[in-house]
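Peer 1: Chains A and B, in that order, are what the protein sequence lines are.
Basically our numbering = 1-based index in the first sequence + 285.
Basically our numbering = 1-based index in the second sequence + 285.
Here a beta-carbon is modelled for each residue, glycine too, at the ideal position from N, C-alpha and C.
Protein chains: 2
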Amino acid sequence: MGLRELKMARTRRLISDKAFELFACNGYHRTTIEQIAAAAEVGPRTLYRYFPTKETLVIEFVQTSLFDALSDLHATPAPLPVALNTVIANVLRVMSTDPARVMAVYELAGTNASVRAQLADVLWQWRDNLAHEVEQLLDPPPCRMTAALTAAFAINIIETVVLAWVESRGQADMHTLANHAMTLLRNGNIPVPTEGQ
Amino acid sequence: MGLRELKMARTRRLISDKAFELFACNGYHRTTIEQIAAAAEVGPRTLYRYFPTKETLVIEFVQTSLFDALSDLHATPAPLPVALNTVIANVLRVMSTDPARVMAVYELAGTNASVRAQLADVLWQWRDNLAHEVEQLLDPPPCRMTAALTAAFAINIIETVVLAWVESRGQADMHTLANHAMTLLRNGNIPVPTEGQ
DNA sequence: AAAAATGTGGCAGTCACTGCCACGACCTCT
DNA sequence: AGAGGTCGTGGCAGTGACTGCCACATTTTT
Numbered sequence: 286m287g288l289r290e291l292k293m294a295r296t297r298r299l300i301s302d303k304a305f306e307l308f309a310c311n312g313y314h315r316t317t318i319e320q321i322a323a324a325a326e327v328g329p330r331t332l333y334r335y336f337p338t339k340e341t342l343v344i345e346f347v348q349t350s351l352f353d354a355l356s357d358l359h360a361t362p363a364p365l366p367v368a369l370n371t372v373i374a375n376v377l378r379v380m381s382t383d384p385a386r387v388m389a390v391y392e393l394a395g396t397n398a399s400v401r402a403q404l405a406d407v408l409w410q411w412r413d414n415l416a417h418e419v420e421q422l423l424d425p426p427p428c429r430m431t432a433a434l435t436a437a438f439a440i441n442i443i444e445t446v447v448l449a450w451v452e453s454r455g456q457a458d459m460h461t462l463a464n465h466a467m468t469l470l471r472n473g474n475i476p477v478p479t480e481g482q
Numbered sequence: 286m287g288l289r290e291l292k293m294a295r296t297r298r299l300i301s302d303k304a305f306e307l308f309a310c311n312g313y314h315r316t317t318i319e320q321i322a323a324a325a326e327v328g329p330r331t332l333y334r335y336f337p338t339k340e341t342l343v344i345e346f347v348q349t350s351l352f353d354a355l356s357d358l359h360a361t362p363a364p365l366p367v368a369l370n371t372v373i374a375n376v377l378r379v380m381s382t383d384p385a386r387v388m389a390v391y392e393l394a395g396t397n398a399s400v401r402a403q404l405a406d407v408l409w410q411w412r413d414n415l416a417h418e419v420e421q422l423l424d425p426p427p428c429r430m431t432a433a434l435t436a437a438f439a440i441n442i443i444e445t446v447v448l449a450w451v452e453s454r455g456q457a458d459m460h461t462l463a464n465h466a467m468t469l470l471r472n473g474n475i476p477v478p479t480e481g482q
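Pasting the structure below:
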């Protein structure tokens with residue numbers, strides 16, 4: 286890695302850290318891009334080259350945690366349920382790397398609508414990608430709806446686990462929570478909508 | 286209803302219609318609030334009183350379709366699975382009221398990131414509300430995770446059905462699609478993540 | 001008909017975000 | 001090591017979403 290890349294990686298990290306610092310201190314809305322840029326000692330124009338939108342500053346960690354793990358789906362030639370479990374476990378493992386940041390992200394998502402929207406969008410896109418992968422991976426190929434619901438289950442587990450973890454203020458263990466959620470699913474303990482007679 | 290309310294309802298509808306017209310014609314991004322306001326013959330400042338953000342113009346119909354149906358959950362004293370089915374059926378029924386608009390919303394969500402994000406956020410909030418309701422409705426009260434997953438299932442069905450309907454270009458029948466999705470769920474035809482041995 | 005309530009819209013201002021361009025730091029090739 | 005090419009940096013001007021404020025007009029109430 287050249288010096289250039291190194292500096293850029295450092296700058297990126299610095300901007301991100303300063304941003305979270307200011308968000309926690311003054312709130313998301315009350316913090317301007319100019320302030321963040323000043324705190325990181327870069328020009329606003331430069332900041333925008335690293336983070337195209339203000340919300341990106343917040344959700345980037347969650348986004349990369351999700352999408353990095355998605356590539357594991359090709360890597361493991363295991364049967365689908367096991368591969369899905371691996372993907373989910375890896376997402377949660379990477380998130381556990383920086384619990385404070387995950388907590389901060391959800392804190393900000395709770396107080397700011399556009400952050401929450403961007404976060405929701407990342408989950409949406411991830412689910413769509415996963416659905417597409419599932420469709421190609423299964424043999425014989427399932428109907429589109431089956432693939433969509435499979436991907437939905439995966440993101441449901443992740444969302445539910447992370448939310449429960451956030452509600453426990455980081456006390457709970459994500460892996461344990463995930464197993465709990467999957468057990469509930471597998472045992473059919475979740476009420477499914479049914480037609481009345 | 287007084288004259289004032291009537292006029293406002295008309296203005297609201299007019300703004301919304303003109304907005305969709307312009308979005309379809311020039312694209313979401315290339316259409317400015319000023320243009321929409323001019324087309325609806327109101328001041329921009331007035332438009333903002335009806336629709337606080339540009340995205341609201343797009344997602345309002347879906348939003349009200351979802352949240353109006355949510356109140357049915359209290360109304361029907363049926364067992365939960367049946368009540369959930371009623372809620373879902375009502376959401377889809379109201380959406381079928383104006384298929385062109387639903388199609389337009391998803392068209393715009395596909396091309397514009399912030400619209401998609403706001404749409405995703407609406408679904409997120411709806412799910413959260415439903416989870417809360419489920420928690421209070423069931424006797425004995427389920428653990429939070431069960432409630433969350435139950436609500437997630439409901440929104441999964443709606444999302445999957447609407448997406449499939451959109452992909453069919455409106456040819457399919459939402460009610461039929463919903464029954465298909467629920468059958469898949471009930472019969473355990475969806476691969477659930479599992480720990481490998 | 002007068003008075004109170006409330007929707008309308010213009011104006012100025014903030015802030016996220018972009019295209020453009022000159023500058024300078026890094027990298028490559030000899 | 002030095003010359004030239006590459007590429008990140010950041011300033012400037014501009015667009016457009018959105019807001020607070022205030023005067024005006026229309027509707028509603030008394």
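Counting pairs of beta carbons, one from the stretch 366 to 383 of chain A and one from the stretch 429 to 448 of chain A, are three or more of them closer than 8 Å?
Peer 2: Cβ pair count under 8 Å is three or more, so yes.
Peer 1: Who are the neighbours of Asn474(B) on chain A, taking C-beta pairs under 9 Å?
Peer 2: Locating residue 474(B) in the second sequence gives position 189, where the first residue counts as 1. Here the neighbours are Pro427, Thr431, Leu434.
Peer 1: Quick one: does Val343(B) have its CB under 8 Å from some CB of chain A?
Peer 2: Your numbering for residue 343(B) matches position 58 in the second sequence. It does not; no Cβ of chain A falls within 8 Å.
Peer 1: Taking DSSP as the reference, what is the three-state secondary structure of Val347(B)?
Peer 2: Working through the second sequence from its first residue, we reach residue 347(B) at position 62. Three-state DSSP puts Val347(B) in a helix.
Peer 1: With a CB to CB cut of under 8 Å and the five nearest residues on each side skipped, what residues in its chain are close to Glu319(A)?
Peer 2: Counting from one through the first sequence, the residue named residue 319(A) turns up at place 34. So the qualifying residues of the chain are Pro329.
Peer 1: Which residue comes first and which comes last in the alpha helix (DSSP H) that contains Ser356(A)?
Peer 2: For the purposes of this step, residue 356(A) is identified with residue 71 of the first sequence, where counting begins at 1. Careful: Ser356(A) lies outside any alpha helix (DSSP H) and carries neither H nor E.
Peer 1: Just to check my reading of the structure: Tyr335(B) and Ile300(B) have Cβ atoms closer than 8 Å, yes? What is that Cβ distance to the nearest angstrom?
Peer 2: Position 50 of the second sequence, counting from 1, holds the residue named residue 335(B). Position 15 of the second sequence, counting from 1, holds the residue named residue 300(B). About 6 Å; that satisfies the 8 Å criterion.
Peer 1: Should Pro362(B) be flagged as near chain A, meaning a C-beta pair shorter than 8 Å?
Peer 2: As a position in the second sequence, residue 362(B) is number 77, starting the count at 1. Cβ-Cβ to chain A under 8 Å: no for Pro362(B).
Peer 1: Can you find the residues in the same chain that come closer than 6 Å, C-beta to C-beta, to Ala449(A), ignoring five residues on each side of it along the sequence?
Peer 2: Indexing the first sequence from 1 puts residue 449(A) at position 164. So the list reads Leu462, once near-sequence residues are dropped.
Peer 1: Is the separation between the beta-carbon of Thr435(A) and that of Val447(A) shorter than 8 Å?
Peer 2: Here residue 435(A) is taken as the residue at index 150 of the first sequence, counted from 1. Here residue 447(A) is taken as the residue at index 162 of the first sequence, counted from 1. Contact flag unset, no.
Peer 1: For Leu434(B), report the span of its alpha helix (DSSP H) as first-last.
Peer 2: Numbered from 1 along the second sequence, position 149 holds the residue referred to as residue 434(B). First-last of the alpha helix (DSSP H) with Leu434(B): 429 to 452.
Peer 1: Mind checking which residues open and close the alpha helix (DSSP H) that includes Glu290(B)?
Peer 2: Here residue 290(B) is taken as the residue at index 5 of the second sequence, counted from 1. Looking at the DSSP string, the run of the alpha helix (DSSP H) that includes Glu290(B) is 288 to 311.
Peer 1: Rounded to whole angstroms, what is the Cα-Cα separation between Arg454(B) and Met388(B)?
Peer 2: The residue labelled residue 454(B) in the question sits at position 169 within the second sequence. The residue labelled residue 388(B) in the question sits at position 103 within the second sequence. If you take the alpha carbons of Arg454(B) and Met388(B), they lie about 8 Å apart.
Peer 1: For Ala439(A), I'd like the list of residues in its chain whose CB is within less than 8 Å of its CB, leaving aside the five on either flank, ordered along the chain.
Peer 2: For the purposes of this step, residue 439(A) is taken as the residue at position 154 of the first sequence. Excluding sequence neighbours, Ala439(A) sits near Leu369, Val372, Ile373, Arg412, Leu415.
Peer 1: Using three-state DSSP, classify Gly395(B) as helix, strand or coil.
Peer 2: Indexing the second sequence from 1 puts residue 395(B) at position 110. Here Gly395(B) sits in helix by DSSP.
Peer 1: Three-state secondary structure (DSSP) at Asn487(B)?
Peer 2: Outside the displayed range of chain B (286 to 482) lies residue 487(B), so it cannot be described from this structure.
Peer 1: Helix, strand or coil for Ala324(A)? Go by DSSP, reduced to three states.
Peer 2: Walking along the first sequence from the start, residue 324(A) turns up at place 39. Helix, per DSSP.
Peer 1: By DSSP, does Pro329(A) sit in helix, in strand, or in coil?
Peer 2: Numbered from 1 along the first sequence, position 44 holds the residue referred to as residue 329(A). Here Pro329(A) sits in helix by DSSP.
Peer 1: Whose Cβ in chain A lies nearer than 8 Å to the Cβ of Asp458(B)?
Peer 2: As a working mapping, residue 458(B) is identified with position 173 in the second sequence. Per Cβ cutoff of 8 Å: no residues; Asp458(B) is ~14 Å from chain A at best.
Peer 1: Rounded to the nearest angstrom, what separates Pro337(B) and Thr382(B) at their Cα positions?
Peer 2: Stepping through the second sequence from its first residue, residue 337(B) is reached at position 52. Stepping through the second sequence from its first residue, residue 382(B) is reached at position 97. So the two alpha carbons sit approximately 25 Å from each other.
Peer 1: Output yes if chain B places a C-beta closer than 8 Å to the C-beta of Val367(A); else output no.
Peer 2: As a working note, residue 367(A) is residue 82 in the first sequence. So yes, Val367(A) belongs to the interface.
Peer 1: Could you spell out the range, first to last residue, of the alpha helix (DSSP H) harbouring Pro366(A)?
Peer 2: Residue numbering aside, residue 366(A) sits at position 81 when the first sequence is read from its first letter. Where Pro366(A) is concerned, the enclosing alpha helix (DSSP H) stretches over 365 to 381.
Peer 1: If you count every other CB in all the chains shown that lies within 10 Å of the CB of Thr317(B), and 16 or more means buried, which is it?
Peer 2: Your numbering for residue 317(B) matches position 32 in the second sequence. So Thr317(B) ends up on the exposed side.
Peer 1: Taking 7 Å as the cut-off, is the CB of Ala385(A) close to at least one heavy atom of the ligand ADP?
Peer 2: Summarising the ligand content, the structure contains no ligands, and the ligand ADP is consequently not present.
Peer 1: Can at least three beta-carbon pairs, one atom from the stretch 347 to 357 of chain B and one from the stretch 397 to 407 of chain B, be found at a separation below 8 Å?
Peer 2: Yes, the stretch 347 to 357 of chain B touches the stretch 397 to 407 of chain B.
Peer 1: How long is the line joining the alpha carbons of Ala324(B) and Thr296(B), rounded to whole angstroms?
Peer 2: Looking up residue 324(B) in the second sequence gives position 39. Looking up residue 296(B) in the second sequence gives position 11. Rounded to the nearest angstrom, the two C-alpha atoms are 11 Å apart.
Peer 1: Listed from N- to C-terminal order along the chain, which residues in the stretch 439 to 456 of chain B have their beta-carbon within a distance smaller than 9 Å of any beta-carbon of chain A?
Peer 2: Against chain A - using a Cβ distance shorter than 9 Å - the residues of the stretch 439 to 456 of chain B are Ala439, Ile440, Asn441, Ile442, Glu444, Thr445, Val446, Leu448, Ala449, Glu452.
Peer 1: Quick one, are the C-beta atoms of Val343(B) and Val400(B) less than 8 Å apart?
Peer 2: One-based indexing of the second sequence puts residue 343(B) at position 58. One-based indexing of the second sequence puts residue 400(B) at position 115. Yes, they are a contact pair.
Peer 1: Would you decide whether Met286(A) is buried or exposed? Buried here means 16 or more other CB atoms lie within 10 Å of its CB.
Peer 2: Working through the first sequence from its first residue, we reach residue 286(A) at position 1. Answer is exposed; the Cβ neighbour count stays below 16.
Peer 1: Among Val327(A), Lys292(A), Glu345(A), whose alpha-carbon lies nearest the alpha-carbon of Gln403(A)?
Peer 2: Here residue 403(A) refers to the residue found at position 118 of the first sequence. Taking only the C-alpha atoms, the option nearest Gln403(A) is Glu345(A).
Peer 1: For His314(B), does the three-state DSSP call read helix, strand or coil?
Peer 2: Numbered from its first residue, the second sequence carries residue 314(B) at position 29. It is coil, neither helix nor strand.
Peer 1: Is it true that the CB of Gly481(B) sits closer than 8 Å to the CB of Val477(A)?
Peer 2: By one-based count along the first sequence, residue 477(A) stands at place 192. By one-based count along the second sequence, residue 481(B) stands at place 196. Not a contact, by the Cβ cut-off of 8 Å.
Peer 1: Leaving out five residues on either side along the sequence, give the residues of the same chain with a beta carbon under 7 Å from the beta carbon of His314(B).
Peer 2: What you label residue 314(B) is simply residue 29 of the second sequence in a count that begins at 1. Same-chain partners within the cutoff: Asn397.
Peer 1: On the three-state DSSP scale, how would you describe Glu420(B)?
Peer 2: Translated into positions along the second sequence, residue 420(B) becomes position 135. Of the three classes helix, strand and coil, the one that applies to Glu420(B) here is helix, per DSSP.
Peer 1: If we count the other Cβ atoms within 10 Å of its Cβ and call it buried at 16 or more, is Pro427(A) buried or exposed?
Peer 2: Against the first sequence, residue 427(A) aligns to sequence position 142. Under this definition Pro427(A) is a buried residue.
Peer 1: Relative to the C-alpha of Tyr391(A), which candidate in Asn474(A), Ala309(A), Met467(A) has its C-alpha closest?
Peer 2: Along the first sequence, read from residue 1 onward, the residue named residue 391(A) stands at position 106. The shortest Cα separation from Tyr391(A) among Asn474(A), Ala309(A), Met467(A) belongs to Ala309(A).
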